[in-house]
Structure formats: structure tokens, C-alpha cells
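Undergrad: Sequence lines, in order, name chains A and B. The working numbering puts the first sequence at residues 14 to 426. The working numbering puts the second sequence at residues 1391 to 1905. Beta carbons: idealized from backbone N, C-alpha and C, even for Gly. Fair warning: this is a prediction, and the values are worked out from it, not measured in the lab.
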Amino acid sequence: MSHKAVAIKPADDPAFQLPASLAGLSLPMIIGGIVALVGGAFFSNSAIGGRFGMSSYLVAYMYCLTLAIGSLFFVLIQHLSRAGWSVVVRRVAELMMIMVIPLALLFIPIAVSAYTGSLYAWSVEGYQADHGIPSVIWEQKELWLNPNWFVVRSLIYLIVWCGIAAWYYRGSQRQDETGEITITENLQARSGPAIIAFSFCTSFAAFDWVMSLAPMWFSTMFGVYIFTGSILSAHCAICLFSFLLQRAGAMRDEVTVEHYHDLGKLIFGFICFWGYISFSQYMLIWYANIPEETHWFYTRSTDGWFNVSVLLMVLHWGLPFAGTMSRHVRRRPWLITCWAAYILVLHLVDLYWIIMPEAGMGLGGATGIIATLICVIGMIALMLGLMLKLAAGTRVVAVRDPRLGESLAFENF
Amino acid sequence: MTESQPKPQTVADDKKVHGVVAEFTDVDSLLAACRRVRDAGYTKADAFTPFPVHGIDTALGIKPTVLPWISLAAGLTGTTIALLMQISLNGQTDLFEGIQYPYIISGKPFISLPAFIPVTFELTILLASFGTFFGMWALNGLPKFSNPMFTSPRFDRATDDTFFLFLDAKDSRFDEAGAKALLGELGGEYVEPVMEDDSSKVIPKGLLIALATVICLSSIPALAVLRMRVTKSGSPRFHIFPDMDFSPSKDAQQTTTLFADGRAMRPDVPGTVRRGEMDWDLNFKTGIDMDELASIDAPRAAQLVAMQSDVAVDDEDEVAPEEAADEEASAEEPAVEEQAAEEDTADEAEPAAAAETADNTPWLTENPLELSDEALARGQQQFNIYCSVCHGMNGRGNGLVNRRAQKILATTWTPPSNMHDPTLYSDVYPDGKLFSTITNGVRKMPGYASQIKAKDRWAIVAYVRALQASQDATLEDVPESQRSGVEKEQAEVQAKLKAAAEAEAAKAAEAANAE
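#1: Taking DSSP as the reference, what is the three-state secondary structure of residue 1516 of chain B?
#2: Kindly say whether residue 299 of chain A, judged by its beta-carbon, lies nearer than 7 Å to any beta-carbon of chain B.
#3: Using CA coordinates, which residue listed in B:1461, B:1847, B:1537, B:1558 is at the minimum distance from residue 1526 of chain B?
#4: Got a sec: does the ligand COA put a non-hydrogen atom nearer than 6 Å to the Cβ of residue 37 of chain A?
#5: Rounded to the nearest angstrom, what separates residue 356 of chain A and residue 412 of chain A at their Cα positions?
#6: Residue 263 of chain A by DSSP, collapsed to three states: which one?
#7: For residue 205 of chain A, tell me which candidate among A:225, A:181, A:219, A:221 has the shortest Cα-Cα distance.
#8: Could you tell me the boundaries of the beta strand (DSSP E) in which residue 1574 of chain B lies?
#9: Quick check on DSSP: helix, strand or coil for residue 1394 of chain B?
#10: Would you please verify whether the beta carbon of residue 1444 of chain B is less than 7 Å from any beta carbon of chain A?
#11: DSSP state of residue 1465 of chain B, grouped into three classes?
#12: How long is the line joining the alpha carbons of residue 1458 of chain B and residue 1504 of chain B, rounded to whole angstroms?
#13: Assuming contact is defined by CB atoms lying nearer than 7 Å, are residue 1847 of chain B and residue 1828 of chain B in contact in what I supplied?
#14: For chain A, is any of its Cβ atoms less than 7 Å away from the one on residue 1504 of chain B?
#15: Just tell me which of B:1874, B:1858, B:1857 has its CA closest to the CA of residue 1865 of chain B.
#16: With a threshold of 8 Å on Cβ separation, who are the neighbours of residue 1786 of chain B within its own chain once the five nearest residues in sequence on each side are excluded?
#17: Quick one: is residue 378 of chain A buried, meaning 16 or more other Cβ sit within 10 Å of its Cβ, or exposed?
#18: Interface residues of chain B around residue 424 of chain A at Cβ under 7 Å?
#19: Do three or more CB pairs link the stretch 238 to 251 of chain A to the stretch 312 to 323 of chain A at distances below 8 Å?
#20: Of the residues that make up the stretch 1589 to 1621 of chain B, which ones have a beta carbon closer than 7 Å to any beta carbon in chain A?
#21: How about residue 16 of chain A: is its C-beta nearer than 7 Å to some C-beta of chain B?
#22: Tell me which residue opens and which closes the alpha helix (DSSP H) that residue 288 of chain A is part of.
#23: Using a C-beta to C-beta distance shorter than 7 Å, which residues of chain B count as neighbours of residue 163 of chain A?
#24: Considering Cα atoms alone, identify which of A:65, A:115, A:91, A:232 is closest to residue 104 of chain A.
#25: Check whether the Cβ of residue 296 of chain A lies closer than 7 Å to any Cβ atom in chain B.
#26: So residue 1882 of chain B is in the alpha helix (DSSP H); what residue range does that whole segment cover?
#27: Which chain A residues are close to residue 1508 of chain B, counting only those with a beta carbon under 8 Å from its beta carbon?
#28: Of all Cβ atoms in chain B, is any one closer than 7 Å to the Cβ of residue 342 of chain A?
#29: State whether the stretch 141 to 151 of chain A contacts the stretch 172 to 188 of chain A, with contact taken as three or more CB pairs (one from each stretch) at a distance under 8 Å.
#30: Can you give me the start and stop residues for the alpha helix (DSSP H) that residue 1412 of chain B sits inside?
#31: Kindly indicate which residue of A:174, A:19, A:338, A:119 has the alpha-carbon position closest to the one of residue 82 of chain A.
#32: On the DSSP bridge list, what partners appear for residue 1653 of chain B?
#33: Can you name the start and end residues of the beta strand (DSSP E) that residue 1580 of chain B belongs to?
#34: Am I right that residue 1821 of chain B and residue 1754 of chain B are in contact with their C-beta atoms under 8 Å? What's the rounded C-beta distance?
#35: Pick out the complete alpha helix (DSSP H) segments inside the stretch 96 to 175 of chain A, 4 residues or longer, and give them in chain order.
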């Protein structure tokens, strides 16, 4: 396309290495993260109560997981569409997606809670009797929602995600050494089936891990709803991390205004998609007005949750929609990064709004919110620490990707 | 640069010069030339390349397009139109007087935003796309069937391996010799003038005929539809959704073989109480002081008790020895009719039913509901949903249904009562009686017991009283603090009326003078 070829730096150029200032943060972050996560979960458990404590943990878990699987989807879709523009930022996404492996270990508390009944209402003894659910319905529900089958399914999702992530990560790493074009061709060839497996796992995991918090409620759109949040926040995180890496001194010449512009376009698009999906889910349920479907939104339109719902509408959709609409905003890296950070915060509010009402403690008060925040920050710090550790041992750009030159020279027309 | 030449320039063979074009062999020299032309002050210049060249916009000094703003404006127009259209079609705006039709659908509010969003969204997208598409046409000067550039025989290579830089004769700085010199100086090869396309602008006859044929052919489907609307067909209609057209579920008033009584609509099972209706306050449910009724007309009281409480009274059997049991056997409906008939006698003094008794029912004279702004607002809402269609929003008996009935001269139509008739005031028509009328119906009006909860019916009664009061209110009814405002408004209205009357008189006088 372009008339000007951009010189590719040698693979061992310092621009591709993680800056030492960031690498040094790795260990303190891991330790601090674990302390905050355990401390936050403990604080939440003791100060407010069992279900709220586990829900805080689930919020933190889902926040990091959505970022990881959103990045996984980003990598898959770039290979599927044979995209050239994204090569310089793909490694950042790859580092995030590989975090599904530690996250798979962090799933253990949730798996245990399915047996102890401390998180999911359906796993509590006597739930059916307490809520007067006819046994005909409950028998059908139990075929799906029972601890053993729940854990088996969760394992399947985690194995599929980890398998895909590990395979794509390894392929990309191997290419750093060998520069084989066949590796890219291979990754592309498998991206179609991988994306199908990914979609099923993501949708069902959303049903199982989040939607089943309200076991009698169902919405076929819910899987897509969680997916939109993850892909939106993943784009924001890629934008944010690229910006921070550049500020720290890595890949200064590689990531340009053009890449931020494209990330900005995708962020803008997925803000619309989030609004579209969440409104569609609401509209269908609101209009049909069927009792067994409305209670989920009823909970969220009473008490303090109503205010959160309205705020989400304005702050998660309206404001960033208007804010990222302009090309001038998207072509200013620091500005679009500010919006990305802002949306990452709102994504947390979104997850809080999805998960916490089912804990039955209202908004949770200042204590609940702080406890959840500590949990989330701990989980993020842990993930960041692991990511930095991994990044220190590799490069922050896929240095021998056959499309690197195309990506470097990429210009929006 | 300051010399001014007559333009457009003409050459010997009388063809107009469209501009000057130069060829370049590579992108870099073209870009350099573009920059120089831009810096020389040319604004109407264009470059033609075999492939997109990044940065050529800035090199030529082409400003960023205004198309996004056109899209935004069109999109916002769509949003506005969609919202205004839906709100006005729901009769909730004075923007379009004359098509007001406030009608509550599915119990949803008039301005029900969630329901409006899909249409709003679609119209926003539609107009934004149209704005973008046709805005792009307008900005590009499309449709354009020919470009004078095509008169240059060398120009074909613009799609292959040659780059062209073109200076338009319409540019204010253009003069042919100067432009040629500039382009030559910039390294352009084969600098030459481009002539205006002088081929005939007459549209070929064949094309016109083809166009006419297409228009004629496209009217065939419409004609076919029109024909089908006025002819009869022997074959049955094609059903796209047969299961929706022939639903196995029964409609109201249909018969069924499933039940012995043949009714598809099932009455309540005796002895059942609907959820949240376990309410034994009979005064509240009938609008009658039951204790007093029992003392003056025990059988009727027993009958009413039986109607309201079904089996429960059967067991106790205190107030109703035998009649109640008899009435029970013949189910509720006759009782309802009887009561309705009784009200007719009181109201209209129908001779047939008058035989029985005058209305000595001890109606409740006071609304048992605790009166509050909230209850009145509820009453207003319910009145507007259920009553206003016949009685009108202001209760004057001129609702939409009544207007329609008058318009089509419906023969069996009994006009609804005017709530502001003195015979319906609380001193002659007690609250309890009004409640009973809403519950059981009167004349053409059906009973609303099954549709409106008792509490809401009392709220409607309260609202009707408020409506009545509002029509006869005097200044003394207004709180001191607000009187001055009302007086001011009154004065304004009177001034307006006066002005209108004077204008009318002046007009009449003028008309008389003219004659």
C-alpha cells in the first residue's frame, strides 16, 4: 500500500526488550497481589459475609478472566482475518491471553464453592424448597446445575482456553527465534476452528459461572454480553499497556499514531456493541414482561442498583460513545489511552453490577466496595506481576513476524 | 502571480481548455510537485495515481472531509425524527395538534423510552447511512457521467504505471502558459492542455426507451396488487404462518367440547382466592355499608356476601339461611345482572325493572381509601386508561369511542354520562354507588371488577370527585398563596378573549362595509 518501506530493527534491539524499570516491578507485584487478594477475600468474608466475600472474589476473577479471554479472541481474530496492522501490538495481547493459565489455578476456590454452597444459590441445600420451585422444573435444572458436572464443564472451558492460548503463544515465540513463515500459516489455518471452540466455551462459561448466580433466570444473550465486555476491555488494555510500554521506553518507533487510531476505532465500535447487546437483552425481557425473566432486571432496578444501572448507561455507553467518536481523539495516543483506562474502570462497575446483586446484600456499602476493590486490585497486581515476569524473558513485539514490516508502515487512509 | 488573464481561455479550434495535465514517472516526484503546486497557491488541483498514495492529501493541500459531520448531523436528525414521531403518534405533544390520540397500550406510559429505542436506533442508522452515502455523492459531484480527463489519449495509463498532476482552469490563479511552465519546471513530462469534453450531451434514445420500459415494468407488481384487491379468488388464501392464523387456543366467547358447560372462558373455581386478594372487607369491595344492608334487606346482603366470598359463607350460614344457597346454585352472573338492573332503576327509572324497589341501598358516602396525592394520581392514571376512552379525559362524556359512535351514527349506542352532571355529584350519587357502577357497570358500560383492582376503583372514584370539583371551583378554593397567579392568568385569558372578540367584530364590520 505504502510507498515507503520501514526498516525493521534487528531482533535483539533493546526496543523489543521489556524496560528494566518495569521488569523490576514483577516480584513486588506478585507478592503484593497475593497478599491483597487473600487479604481482600478474607476481609470481605469476615466483614460482610460468606456469599458476598465469594462474590467479591468472583468479580475479581471475572475481571481478569475477561481481559485474558478478550485478548485471546483478539489474537485469534487477527490470525483469522490475516491482519497486518496489528502485529506490533499483538505480543501485548499474547502476554495477556497466556494469563488464562494462572487464572485456571485461581478457579479452584470457585470450584470448591460449588460444593460448599458459599457462592451459587443452586448448590445450597434446600434452595428449591425455600423458593417454592416446582420439582418438575428443578429436576431439569439439576441435570445441568450440580457441582460435579459444573466442575467438569469448567475444566473443559479452562482446558480449551489454556490449550488455544498456549499453542498460539508458543507458535509466536518459536517464530521469534526461527522466523518461519509456515508458523504464521499454521496459526492462521487453525484460527477458524479455534474461534468456534472459543465462542462455545466463553458463552457457556458465562452461563455457568455468572448467570447461574440467579439459577432460575436465563437469557440466551448473556454469553454475548460477557463476551462484549471482555473484547471491549481487552482492546482498552492493549491500548493502555502499549502506551505504558512506550512511556517506559520500549517499542517507541514501532507503535505509531496509526495503531492507536485503529485500536480507538475498535474501542468505539465495541462500546456501541456493548450498548447494543446490553440494551437488546434488557428490551426483550422488559417488553415480554414474563415473570421468570424479569426478576434479574427487577433486582437491578430497585434499591441503589437502579442508580448504578442508569450510571452504567450514561458512563459506560453515552459518555465514551461521544468521547471516542471523533477521529481527532483517536489520533491522540494519550487521549485514547485515557478513555481506555476509563472504560477499564467502567468494565469493573459493569461486572460488579452483574454479579453483586445476587449476593443479596445490596450495594455492599463502603466496606463491601472496598473489600471488592482490594480483591480486584490484588488479582490485577498478581496477573500484572506474572505478565511482567514473562515479558522480561521474551520480547514485547513479535520480532520476526512476516507481517511486521506491513504493520510498521501501516497508515490509516 | 498577480497577472489576471481572461478565463476560461480558448484556443484556435474553439474548444474550451479544462486545465493542464503533466505526467510523472514515480510517486516521489509527483508528491514533490504536488507540494510545490500547493505552495504556489493552487487550490483546484488533482492527482491521478494507479494506486492509493499515503500523504497525497496533505501534499495537495486537500482539507479533511466534512463527511463525518454530515453523517453525524444526519444521524442526529434520525434520532430526533424517530423520537418526535413516536411521541407525537402517542398523542403526547402539542407539536402536531389535530392528531392527538392519547391511548395507553399494554399499560405502558405514553412516552415509553425502551420501546422507542429500536425505531430510534434504526432511523438513526438509516439516516446516517443515507447522509454518508449521498453526502459523499454531493461532495464528489456525483453522478458524473464523463470527465474531460478522458479526452486525453495518454490518460489511460493512470490506471497502469503513470502518475498525473492536473491543474484546473477554474482555479483563480490559472493561466495556461504559467501552468504549463510550472508543471514543466517541476519535472512533469508531456505537459499538455486538457480540452473540455465536447461530445454530445444528448441522452441516447435507446437508453431513454430502456429507462421508460423499466419504469413501466416496475409498475406491474403494484398493478397486480391493486387487481387482487378488487377481484375474488376461488382458491384459499396463502398463509405464511398457518399456526398463527389458525391458533388452537380459544378466543373469548368461543365454545369448547372440553368442558360440560361448553364455555371456553373458565369462571373462577368456587372457593379459590386469587393471589393477593384475600380480602374480607366487604364494604370496601362492594361500596355498600353491609351491616346496615343486613338490617334492612337481609337476603340481599346475604346474597352479596355469598357473591364476594363464595364458599366461606356456605359454611357459616349465619346471615343467609336459604335464599343465599339458592342463589349460589345459579352462580354469580344473575346476581350481577340483578344488581346492575337495580342501579338502572335508580338511575334511569326504567319501567320494567322499576317494579322491584326504589334504591334504598345504604351506599358508603365516604371513600374508604386514604386520600392522598398519590391515590389521586393513581386514580387519574387508571381513569385515563379505562374510563377516558368513553368519558373523555375531562369526564365530559366525549371520549374517543363516543366521538366515533356519533360519527358513524351507531344506532345502539348509549352516550356515556357526563361526570359533571349535577345528578352525579356526591350528594345525590354517593361514592359507594359510583364505586359499584365501576365495579358492575351500568347500561352499555361493562363492569370493570375483573380489570381494575378494588383499591384502584376507589382511587378512580376519588379522582372523579376531584374532576367534578375542578370544574366548579371558585377562587376561594385556591390556596391564598397561589391566588394572585391564578388571577393574573385569568386576566390574561380575558384580555386574549376580548382581543379575539374585537378582531372578530372588526372583521364582520369590514365584511359589511365591503358589501
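TA: Let me spell this out:
#1: Note: residue 1516 of chain B maps to helix in three-state DSSP.
#2: Chain B contact via Cβ: present.
#3: If we check each option's Cα against that of residue 1526 of chain B, B:1461 comes out closest.
#4: This structure simply doesn't include the ligand COA, nor any ligand for that matter.
#5: Near 30 Å, if we compare the C-alpha coordinates of residue 412 of chain A and residue 356 of chain A.
#6: DSSP places residue 263 of chain A in coil when its eight states are reduced to three.
#7: Looking only at A:225, A:181, A:219, A:221, the smallest Cα-Cα distance to residue 205 of chain A is reached by A:181.
#8: Segment 1566 to 1575 is the alpha helix (DSSP H) holding residue 1574 of chain B; no beta strand (DSSP E) there.
#9: Only weak support exists for where residue 1394 of chain B lies, its pLDDT of 47 falling under 50; the coordinates are left without a value.
#10: Residue contact with chain A for residue 1444 of chain B: present (Cβ-Cβ distance below 7 Å to some residue of chain A).
#11: In the structure shown, residue 1465 of chain B falls within a helical segment according to DSSP collapsed to helix, strand and coil.
#12: Spanning the two alpha carbons is a distance of roughly 28 Å.
#13: Yes. Within cutoff.
#14: Under the Cβ distance rule, residue 1504 of chain B counts among the residues neighbouring chain A, one pair being separated by less than 7 Å.
#15: If we check each option's Cα against that of residue 1865 of chain B, B:1874 comes out closest.
#16: Correct list, in chain order: 1808, 1809, 1810.
#17: So residue 378 of chain A counts as exposed.
#18: Listed by position along chain B, the residues whose Cβ is nearer than 7 Å to that of residue 424 of chain A are 1444.
#19: Too few Cβ pairs lie closer than 8 Å, so no.
#20: Taking 7 Å as the Cβ-Cβ cut-off against chain A, none of the residues of the stretch 1589 to 1621 of chain B qualify.
#21: No answer about residue 16 of chain A holds up, because its pLDDT of 47 lies below 50 and its placement is not dependable.
#22: Looking at the DSSP string, the run of the alpha helix (DSSP H) that includes residue 288 of chain A is 270 to 301.
#23: Annotation: residue 163 of chain A has no Cβ neighbours in chain B at a cutoff of 7 Å; minimum Cβ distance is about 34 Å.
#24: Answer by Cα proximity: A:91.
#25: True, the Cβ-Cβ gap to chain B drops below 7 Å.
#26: Residues 1870 to 1904.
#27: When 8 Å is used as the limit between beta carbons, residue 1508 of chain B is near these residues of chain A: 296, in chain order.
#28: Judged by the 7 Å Cβ criterion, residue 342 of chain A is not in contact with chain B.
#29: No, the stretch 141 to 151 of chain A is not in contact with the stretch 172 to 188 of chain A.
#30: That residue, residue 1412 of chain B, is in no alpha helix (DSSP H); its beta strand (DSSP E) goes 1407 to 1414.
#31: Of the candidates A:174, A:19, A:338, A:119, the one whose C-alpha sits nearest the C-alpha of residue 82 of chain A is A:174.
#32: Here residue 1653 of chain B is bridged, per DSSP, to B:1645.
#33: Boundaries of the beta strand (DSSP E) around residue 1580 of chain B: 1579 to 1585.
#34: Going by Cβ atoms, the distance from residue 1821 of chain B to residue 1754 of chain B rounds to 6 Å, so yes, they are a contact pair.
#35: Runs of the alpha helix (DSSP H) inside the stretch 96 to 175 of chain A: 100 to 110, 113 to 119, 121 to 129, 140 to 143, 148 to 157.
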